[in-house]
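Chains as they are written, first to last, in my numbering: chain E, 5 to 304; chain P, 76 to 459.
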């Protein structure tokens with residue numbers, strides 16, 4: 005009898021606190037949302053400006069008309085193509101180089117793991133401009149042997165993505181017992197290629213996906229190296245376009261940003277499904293996504 | 076005389092149940108010869124000229140403390156370890172330079188080694204897939220192997236949905252599904268709790284007998300080794316100290332190390348006069364390999380020691396040189412108990428008695444120690 009009056013005020017207090025916390029949360033979300041969305045809205049607004057204060061979607065109509073775009077802005081189309089090609093090549097090259105190397109170091113050369121980590125993280129500490137100074141003479145030879153194609157940027161980009169990809173893959177590989185699994189597979193008759201393809205990669209799938217998406221976002225946003233080495237890619241084209249037609253330039257930038265967001269959403273969906281499967285199935289490796297930093301989707 | 080270092084192999088499978096028989100779809104095992112295996116890590120000799128011969132269908136347990144080289148030997152046999160010297164011969168074929176994936180050996184690891192992204196049946200079918208067995212046949216044989224380990228109903232479960240014991244059973248099924256020439260077990264039970272471990276080791280033995288495969292079982296658990304092996308090889312510093320039947324290794328240890336590593340012993344001082352040694356508690360026969368004369372320390376098993384109340388006079392009256400002492404500790408082991416007796420001269424005598432007898436001898440009780448005439452190993456007393 006004496007308890008009831010005491011409980012009710014306590015519940016009320018808790019209820020008020022919860023409500024206050026909810027409001028605080030929404031305020032934070034609203035402020036951050038405004039901070040991030042305002043520039044995007046401003047960009048969208050800018051692209052719809054017409055003459056005499058009117059609004060139209062001419063810029064966006066042009067963007068979806070690929071044929072016309074190719075005629076009006078051939079360098080932009082070339083930049084898009086180059087960036088798309090670079091994305092594919094860089095992802096493949098990064099995975100082909102990094103995954104077997106990291107697995108091999110874990111299996112046979114564990115003493116090399118620290119030096120490997122150091123080398124992979126090194127590009128993070130070197131400013132892009134300094135990197136280009138070192139890369140310029142190298143690229144003189146690259147151009148000599150492979151021609152001046154912008155796709156040759158794949159070598160530089162593979163180096164640039166190493167820190168992000170290494171971290172993502174390292175987190176994934178730490179979540180499984182690579183040594184035991186590969187030895188088990190070997191004892192069952194699997195060759196090294198099979199061990200890699202059928203045992204290691206499926207078990208670090210989310211880490212591979214994570215590393216790939218980070219690579220994609222970084223390559224899509226890369227400007228400095230391409231520009232200073234006089235190659236063309238999406239960001240270089242946008243930059244040049246900005247000097248000629250600001251509306252189209254901003255529209256393309258906005259599209260690139262939205263594409264990056266879309267990729268991140270796809271990434272979370274893919275790794276999320278991986279996590280759900282692991283919960284149902286195998287022992288949970290560390291989430292690669294949790295450890296992997298997000299690469300910038302804006303020009304570097 | 077050199078003690079029983081090699082021991083003659085028992086008929087494979089004589090330790091438990093009947094001899095090997097080929098189960099459905101399983102072949103018999105191959106002989107294994109490890110000859111003068113050598114492996115060095117820096118200044119450490121992990122394998123120092125190890126030689127071991129395993130008969131077809133036999134289960135040999137390699138037993139020893141951590142770092143004695145038993146796992147290195149197993150991995151050397153599997154091809155997972157690069158050897159500095161020696162030969163690995165299986166079924167008459169020299170496999171020394173054959174890569175792991177061509178050796179046709181099934182291996183169960185200490186750590187859980189199921190592929191997390193595959194179900195139990197897919198795990199078991201993995202080795203068959205590598206051997207290009209067709210899909211339907213692969214699944215049939217994988218299920219057959221799972222049935223063999225009693226896990227047919229868990230075929231579609233992932234590793235994360237199974238207990239440690241179940242995972243190791245699936246790993247065993249996976250190793251057996253490829254019909255290996257040799258089954259290698261690298262401390263497969265060490266991560267399991269005691270009850271599951273005891274259950275699974277019986278299971279491993281049953282299955283090994285059923286499929287008739289040759290097996291090499293590495294463990295540091297003496298009980299495990301003695302319980303399931305046809306022969307036990309006790310290793311120390313990269314070499315075999317003794318290889319023999321479990322009974323031989325336990326009752327007739329070849330060296331001081333084996334006597335102390337396998338089972339418990341009390342060190343009792345005495346004097347050797349050839350075949351026997353005279354101790355304070357009486358005369359005991361000595362095993363071959365013991366010093367022929369002079370002061371010795373005899374390693375006496377607890378079950379060769381009887382305890383009597385100090386008040387009980389032995390038949391024929393109390394001997395002047397009888398060993399008496401006081402109970403200092405009693406460890407209950409279920410139906411039996413182990414009693415530690417302080418012999419009053421700085422030594423401790425271990426005795427194994429029934430739990431009821433142990434209750435009648437609480438710590439502090441004065442007891443008289445009697446030795447049974449069980450042969451024991453005598454070791455020389457080093458001066459200084």
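Ideal Cβ positions, reconstructed from N, Cα and C, are used throughout, including at glycine.
1. Once DSSP output is grouped into helix, strand and coil, what is the label at residue 158(E)?
2. Using the DSSP secondary-structure output, state which residues sit across from residue 290(P) in a beta bridge.
3. Which same chain residues end up closer than 8 Å to residue 223(P) when comparing Cβ atoms and leaving out the 5 residues on each side of it in sequence?
4. Could you tell me the boundaries of the beta strand (DSSP E) in which residue 120(P) lies?
5. Mind checking residue 111(P): buried by the 16 CB within 10 Å criterion, or exposed?
6. Is the distance from the Cβ of residue 137(P) to the Cβ of residue 190(E) below 9 Å?
7. Which of helix, strand or coil does DSSP assign to residue 178(E)?
8. Residues in its own chain within less than 6 Å of residue 141(P) by CB, not counting five upstream and five downstream?
9. Around the Cβ of residue 19(E), are there at least 16 other Cβ atoms within 10 angstroms (buried) or fewer (exposed)?
10. Is the Cβ-Cβ distance between residue 439(P) and residue 381(P) less than 9 Å?
11. Pick from 185(P), 351(P) and 298(P): whose alpha carbon is nearest that of residue 447(P)?
12. For the stretch 203 to 217 of chain E, enumerate the residues whose C-beta is nearer than 9 Å to any C-beta of chain P, in chain order.
13. Would residue 206(P) count as contacting chain E if we go by Cβ distances under 9 Å?
14. Which two residues bound the contiguous alpha helix (DSSP H) that contains residue 377(P)?
15. Is there a Cβ of chain P sitting closer than 9 Å to that of residue 195(E), yes or no?
16. Go through its chain and collect everything with a Cβ distance to residue 139(P)'s Cβ below 7 Å, but skip five positions before and after it.
17. So that I know if they touch, is there some Cβ in chain P lying closer than 9 Å to that of residue 99(E)?
18. Assign residue 268(P) to one of two classes, buried (16 or more other C-beta atoms within 10 Å of its C-beta) or exposed (fewer than that).
19. Write down the C-beta distance between residue 355(P) and residue 398(P) rounded to the nearest angstrom, noting that I regard them as a contact closer than 8 Å.
20. Tell me the rounded alpha-carbon separation between residue 192(E) and residue 27(E).
21. Let me check one thing: in DSSP terms, what residues is residue 417(P) bridge-paired to?
22. Expressed to the nearest angstrom, what Euclidean distance is found between the alpha-carbon atoms of residue 104(P) and residue 305(P)?
23. What's the gap between the Cα of residue 77(E) and the Cα of residue 228(E)?
24. Are the CB atoms of residue 373(P) and residue 452(P) within a distance shorter than 9 Å?
25. Taking residue 212(E) and residue 186(E) to be in contact with their CB atoms under 8 Å, please state how far apart those CB atoms are, rounded to whole angstroms.
26. Taking any Cβ of chain E, which residues in the stretch 152 to 168 of chain P have a Cβ under 9 Å from it, in chain order?
27. Counting only Cβ pairs nearer than 7 Å, list the residues of chain E close to residue 202(P).
28. So is residue 407(P) in contact with chain E if we call contact Cβ pairs under 9 Å?
29. Taking the runs of the alpha helix (DSSP H) that are 4 residues or longer, which of them lie wholly in the stretch 57 to 123 of chain E?
30. Is residue 246(P) close to chain E? Criterion is C-beta to C-beta, closer than 9 Å.
31. If you reduce the DSSP assignment to three classes, tell me which class residue 148(E) lands in.
32. Where do the ends of the beta strand (DSSP E) carrying residue 357(P) lie?
33. I'd like to know if residue 76(E) contacts chain P, where contact means its C-beta is closer than 9 Å to some C-beta of that chain.
34. Spatial neighbours of residue 98(E) within its chain, please: C-beta separation below 6 Å, excluding the five flanking residues on both sides.
35. Identify every run of the alpha helix (DSSP H) within the stretch 221 to 274 of chain P, keeping only runs that are complete inside it and at least 4 residues long; order them along the chain.
36. Report the CB separation of residue 232(P) from residue 194(P) in whole angstroms; it is logged as a contact under 8 Å.
Quick answer:
1. Residue state, collapsed to three classes: helix.
2. Residue 290(P) is bridged by DSSP to 134(P) and 258(P).
3. Taken in chain order, the residues that qualify are 98, 248, 251, 282, 285 and 286.
4. Taken as a continuous stretch (DSSP letters only), the beta strand (DSSP E) holding residue 120(P) covers 119 to 129.
5. The residue is exposed, with fewer than 16 neighbouring Cβ atoms inside 10 Å.
6. For residue 137(P) and residue 190(E), no; Cβs fall outside 9 Å.
7. Secondary structure of residue 178(E) (DSSP, three-state): helix.
8. Short of 6 Å from the beta carbon of residue 141(P), and not among the five residues preceding or following it, lies no beta carbon of its own chain.
9. Around the CB of residue 19(E), fewer than 16 other CB atoms lie within 10 Å, so the residue is classed as exposed.
10. Not in contact: residue 439(P) and residue 381(P) (Cβ atoms no closer than 9 Å).
11. Taking only the C-alpha atoms, the option nearest residue 447(P) is 351(P).
12. 203, 206, 207 and 209: these are the residues of the stretch 203 to 217 of chain E whose beta carbon lies less than 9 Å from some beta carbon of chain P, given in chain order.
13. Answer yes: the Cβ-Cβ gap between residue 206(P) and chain E drops below 9 Å somewhere.
14. Per DSSP, residue 377(P) belongs to no alpha helix (DSSP H) and is neither H nor E.
15. Interface residue (Cβ-Cβ distance to chain P less than 9 Å): residue 195(E) is classified as such.
16. So the list reads 145, 295, 309, 310 and 311, once near-sequence residues are dropped.
17. With respect to chain P, the C-beta atom of residue 99(E) has no partner C-beta closer than 9 Å.
18. By the 10 Å Cβ count, residue 268(P) comes out exposed.
19. Contact flag correct, Cβ pair sits at about 4 Å.
20. Roughly 58 Å between the two C-alpha positions.
21. Answer by DSSP bridge pairing, in chain order: 401(P) and 423(P).
22. For the pair residue 104(P) and residue 305(P), the Cα-to-Cα distance works out to about 14 Å.
23. Roughly 21 Å separates the two Cα atoms.
24. Against a cut-off of 9 Å, the Cβ pair of residue 373(P) and residue 452(P) comes out as a contact.
25. The pair is not a contact, with the Cβ atoms about 16 Å apart (cut-off 8 Å).
26. Cβ contacts with chain E come from 153, 154 and 155.
27. Contacts between residue 202(P) and chain E, judged by CB atoms closer than 7 Å, involve 192 and 193 in chain order.
28. Contact of residue 407(P) with chain E is not assigned, every C-beta pair being separated by 9 Å or more.
29. Listed in chain order, they are 62 to 68, 70 to 76 and 78 to 111.
30. For residue 246(P), the closest Cβ of chain E is nearer than 9 Å.
31. Residue 148(E) falls in the helix class under three-state DSSP.
32. First-last of the beta strand (DSSP E) with residue 357(P): 357 to 360.
33. Not one beta carbon of chain P lies nearer than 9 Å to the beta carbon of residue 76(E).
34. If we look at residue 98(E) and ignore the five residues flanking it on each side, its Cβ neighbours are 162, 165, 169 and 219.
35. 239 to 252, all fully within the stretch 221 to 274 of chain P.
36. Rounded, the Cβ-Cβ distance is 6 Å, consistent with contact.
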